[in-house]
Amino acid sequence: MKILVSLKRVADPDNANKIKVTPQKIETTGLEFKPNPFDEYAVETALRLTENAANTKQRLGEVTVVTFGPKEAESTLRAALATGADKAIRVDATDDALDGDLVARALAKLIETEKPDLVLLGKQEVEGDANQVAQLLAEYLGWPQATFAGSIKSEGDTALLVGREIDGGTMNLRVTLPAVVSVDLRIVAPRSVQSVHTKADHAYPEGVRFAALMAIMAAKKKSLTEVKLTDLTGDVGLKIKYTGFEPPPARKAGVKVKSVSELVEKLKTEAKVL
Amino acid sequence: MATYLFETAEHAALRAQARAFATRSVRPHARAWEEAGEFPRALYAQIAASGLLGLGYREAIGGSGGDVTHVLAASEELVLEGHSVGTVVGLGSHGIALPPIVALGTGEQIERFVRPVLRGEKIAALAVTEPGGGSDVASLRTRAVRDGDDYVVDGAKTFITSGVRADVVTVAVRTGGPGHGGVSMLVIERGTPGFSVSKRLEKMGWWASDTAELTFEECRVPAANLLGDEGSGFVAIMANFVTERVYLAGQCVAIAELAYRESVQYARDRHAFGKPLSGFQVTRHKLADMATRIAAARALTGEVASRLVAADARPELAAMAKNTATDACSWVVDQAVQIHGGYGYMRDFVVERLFRDARLYPIGGGTREIMNEVISKTEGY
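Sequence lines, in order, name chains L and G.
Per numbering that gives the first Met the number 0, the first sequence starts with residue 0, numbered consecutively.
Per numbering that gives the first Met the number 0, the second sequence starts with residue 0, numbered consecutively.
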């Protein structure tokens, strides 16, 4: 199976106090970045679908990782290559010139040439939390979609049985390939992904895999190509207009209450929510 | 983010992996393991699977490749994110136990002793120091007498990191006459009759890492466990010292860096007399001095590491780096506790732990005074 995974770097939430916000923009210089966690789960899902867990060194299929970002975002792609992805594509762009719709349109064009059987995405990125690209992309491609996947079972690599996380529990959806799937947190639980190559009772370690130094070095030799955004779409206009930026109000220090009755009293008189 | 001058994109990627491992498998348990005086044995297999345990060892012997620079970057990140120095040094005890086996051992010895340790299945420890003497390696008294195909070992070792649980112990023994020429290295396995853990030692710091006193009483060890030739032990111990001291200096840099970051955060969050502590010049200058001393220690430690990788091992420079880094670390953790005030004295706060952990470094791996002897000898006075 050929899988394309979209991957984005996000500002490390641990450095939130370094972010400077002006009315015109959010200043990102000097910030540390890390891969969007949901995108890392998508990469892990792609790897699990294209390998026999008994021998993870051999890829039984192809995993391509794609990011939209500046040159510095290539380290995020290299990290994904180190964990086992085969090749990487960077679409040269900066965050302030992108929105979910433009990314979806450009990805759709890229997919015409890459011809994957499956596109995997994180359900959302943790900066803007827009949660749009997977849905828009499926629509532009005219492919079936399954969002918020908490489990995936490959059926002969021609269809996927996807367990979607919904408010009331899990909704099982069968999508025929090619398809677009966005993944949720539980997709990296030990038995969430069942590929056609791995024994059904195999349990992976919880979470995404680590890359050893050898794999980090080997990743430097893997293919990483750069594509211009304008080569994918002539229309680079944005549907989202940013009208201004402001930081969220600073949280006031809390108080410790001594008893439940004091809490109830404060909720009534101070917070006025009761 | 503070890094060593030698670091490349590869080191950055490795740091990210080490950080992710520590976030997931160390940090949530750091306090509990430190208080319990032990971390779970299963952690060895987990860190081996991540590829971090085998750093600094060739792939041909079961390692993950890389050199001392990779070990420094990865282990710093484990300390910074994991918050448990004891766990990191416990996981790393093979870093001093295996090099003599790698340097002197036969292919068969490497198969038996090195590979299982790098797979995380066995725990390794190095046993040199004795109750009667530490720094004076040449006069160690644990005897190994050849008897047929065995050596019969009698004696005791102390301050052995990971010694309580170790399966493979690289032991310095006396096979010959007095002085350094009579010292050999012998691998003694857990379960060998006559080998026992006589005491689990209670320490000032490094709580999550167990430390033992070991006793050998008419302990018969196969002669096949001798590393290299009889009498080659002292050279093997000495050859290991430069690397070990760089590792120790690196740990000091990491501990100081963590104490510094905790202090910066605390100084921003804590308010007194109507403004954050960082609003007072006295605090800012204290932090600036901390940052400066760490930067200096990092620079020298990095230089020794870079030289080591370039096959320019410099014992006197390693000794200077260790002293510089231990001095910086001791001072920085003290300032960190001071900035934290009463909370700095409380076990809930990581700087309290770092303060205790830091005290080991001017002693372990060659005392501050021995370092100065090494420097004096090289300088020729």
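Beta carbons are placed, not taken as given, at the ideal position from N, Cα and C, and that holds for glycine.
Name the chain L residues whose beta carbon is nearer than 8 Å to that of residue i?
i: residue 20 of chain G; result: 209
For a contact meaning CB atoms closer than 8 Å, what does residue i contact in chain G?
i: residue 212 of chain L; result: 9, 13, 50, 54, 63, 64, 65, 69
i: residue 78 of chain L; result: 12, 15
i: residue 216 of chain L; result: 9, 64
If you drop the 5 nearest sequence neighbours on each side, which residues of the same chain put their C-beta closer than 7 Å to that of residue i?
i: residue 172 of chain L; result: 145, 161, 163
i: residue 178 of chain G; result: 137
i: residue 34 of chain L; result: 6, 8, 75, 78
i: residue 14 of chain L; result: 30, 31
i: residue 149 of chain G; result: 219, 220, 221, 222
i: residue 100 of chain G; result: 108, 109, 112, 113, 169, 186, 226
i: residue 292 of chain G; result: 327, 330, 331
i: residue 323 of chain G; result: 295, 296, 299
i: residue 117 of chain G; result: 47, 52, 53, 56, 61, 62
i: residue 163 of chain G; result: 196, 199, 209, 211
i: residue 334 of chain L; result: A query on residue 334 of chain L cannot be resolved here, the shown segment of chain L reaching from 0 to 273 and no further.
Whose C-alpha, out of the options, is nearest the C-alpha of residue i?
i: residue 135 of chain G; options: G:370, G:378, G:65, G:379; result: G:370
i: residue 141 of chain L; options: L:232, L:178, L:76; result: L:178
i: residue 85 of chain L; options: L:26, L:223, L:124, L:254; result: L:223
i: residue 208 of chain L; options: L:120, L:27, L:83, L:48; result: L:83
i: residue 32 of chain L; options: L:0, L:102, L:75; result: L:75
i: residue 128 of chain G; options: G:146, G:366, G:335, G:376; result: G:366
i: residue 221 of chain G; options: G:50, G:308, G:147; result: G:147
i: residue 156 of chain G; options: G:167, G:132, G:285; result: G:132
i: residue 174 of chain G; options: G:153, G:237, G:318; result: G:153
i: residue 127 of chain L; options: L:95, L:168, L:181; result: L:95
i: residue 152 of chain L; options: L:204, L:38, L:196; result: L:196
i: residue 58 of chain L; options: L:270, L:45, L:157, L:11; result: L:45
i: residue 145 of chain G; options: G:163, G:172, G:279, G:54; result: G:172
i: residue 17 of chain G; options: G:233, G:72, G:56, G:36; result: G:72
i: residue 74 of chain G; options: G:44, G:102, G:40, G:15; result: G:15
i: residue 316 of chain G; options: G:35, G:285, G:373, G:9; result: G:373
i: residue 211 of chain L; options: L:70, L:248, L:257, L:56; result: L:56
i: residue 386 of chain G; options: G:277, G:140, G:285, G:1; result: As shown, chain G starts at 0 and ends at 380. That puts residue 386 of chain G outside it, with no answer to give.
i: residue 32 of chain G; options: G:321, G:68, G:363, G:86; result: G:86
i: residue 67 of chain G; options: G:264, G:277, G:95; result: G:95
i: residue 20 of chain G; options: G:50, G:39, G:8, G:285; result: G:50
i: residue 225 of chain L; options: L:123, L:20, L:70, L:193; result: L:70
Mark residue i as exposed unless 16 or more other C-beta atoms lie within 10 angstroms of its C-beta, in which case mark it buried.
i: residue 121 of chain G; result: buried
i: residue 354 of chain G; result: buried
i: residue 50 of chain L; result: buried
i: residue 344 of chain G; result: exposed
i: residue 46 of chain G; result: buried
i: residue 160 of chain G; result: buried
i: residue 253 of chain G; result: buried
i: residue 194 of chain G; result: buried
i: residue 29 of chain G; result: buried
i: residue 224 of chain G; result: buried
i: residue 262 of chain L; result: exposed
i: residue 239 of chain L; result: exposed
Run through chain G and tell me which residues come within less than 9 Å of residue i, C-beta to C-beta.
i: residue 191 of chain L; result: By Cβ distance, chain G contributes nothing, its closest Cβ being about 17 Å from residue 191 of chain L, past 9 Å.
i: residue 8 of chain L; result: Under the 9 Å cutoff, chain G gives no residues; its nearest Cβ is about 11 Å from residue 8 of chain L.
i: residue 74 of chain L; result: 8, 11, 12, 15
Which chain L residues sit within Cβ distance under 9 Å of residue i?
i: residue 58 of chain G; result: 213
In chain L, which residues lie less than 7 Å from residue i when you measure between Cβ atoms?
i: residue 23 of chain G; result: 206
i: residue 16 of chain G; result: 209, 210
Taking residue i as the query, report the chain G residues whose CB atoms sit under 7 Å from its CB, ordered along the chain.
i: residue 0 of chain L; result: Near residue 0 of chain L there are no residues of chain G at all, since even the closest Cβ is about 26 Å away, more than 7 Å.
i: residue 81 of chain L; result: 12
Less than 6 Å between C-beta atoms, sequence neighbours within five positions excluded: which residues of the same chain meet that for residue i?
i: residue 251 of chain L; result: none
i: residue 335 of chain G; result: 258, 262, 350
i: residue 206 of chain G; result: 33, 36, 85
i: residue 361 of chain G; result: 325, 367
i: residue 42 of chain L; result: 4, 79
I'd like the list of long-range same chain contacts for residue i, defined as Cβ closer than 8 Å, with 5 residues on each side in sequence excluded.
i: residue 235 of chain L; result: 96, 101, 228, 229
i: residue 214 of chain L; result: 81, 82, 83
i: residue 230 of chain G; result: 174, 175, 180, 181, 182, 183
Check: Which runs of the beta strand (DSSP E), 3 residues or longer, sit entirely within the region 168-195 of chain L?
Finding: Listed in chain order, they are 168-175, 178-182.
Check: Fully enclosed by the region 106-154 of chain L, which alpha helix (DSSP H) runs are 4 residues long or longer?
Finding: Fully enclosed alpha helix (DSSP H) runs of 4 or longer: 132-140.
Item checked: beta strand (DSSP E) runs wholly inside the region 85-143 of chain G, at least 3 long, in chain order -> For secondary structure counted as the beta strand (DSSP E) over 3 or more consecutive residues, the region 85-143 of chain G holds these complete runs in sequence order: 123-126.
Notebook entry, point to check: What residue ranges within the region 12-68 of chain L form continuous beta strand (DSSP E) runs of no fewer than 3 residues, ordered along the chain?
Noted result: Secondary structure remark: continuous beta strand (DSSP E) runs of at least 3 residues inside the region 12-68 of chain L, in chain order: 32-34, 61-68.
Margin query: Suppose only complete runs of 4+ residues qualify. What are the alpha helix (DSSP H) ranges in the region 330-362 of chain G, listed by chain order?
Written below: With a minimum length of 4 residues, the continuous alpha helix (DSSP H) runs that stay inside the region 330-362 of chain G are 349-357.
Next item on the list: Identify every run of the alpha helix (DSSP H) within the region 280-316 of chain G, keeping only runs that are complete inside it and at least 4 residues long; order them along the chain.
Entry: Taking 4 residues as the minimum length, the alpha helix (DSSP H) runs contained wholly in the region 280-316 of chain G are 280-308, in order along the chain.
Next item on the list: At 4 residues or longer, and completely inside the region 207-251 of chain L: list those alpha helix (DSSP H) runs for me, N to C.
Entry: As far as the region 207-251 of chain L is concerned, its whole alpha helix (DSSP H) runs of at least 4 residues are 212-218, 228-231.
Note to self: Going residue by residue through the region 195-273 of chain G, where are the continuous alpha helix (DSSP H) segments of at least 4 residues, counting only ones entirely within it?
What the structure shows: Counting only runs that start and end inside the region 195-273 of chain G, the alpha helix (DSSP H) elements of at least 4 residues fall at 232-268.
Next item on the list: Pick out the complete alpha helix (DSSP H) segments inside the region 4-82 of chain G, 4 residues or longer, and give them in chain order.
Entry: For the region 4-82 of chain G, whole alpha helix (DSSP H) runs of length 4 or above, ordered along the chain, are 8-24, 29-35, 41-48, 67-81.
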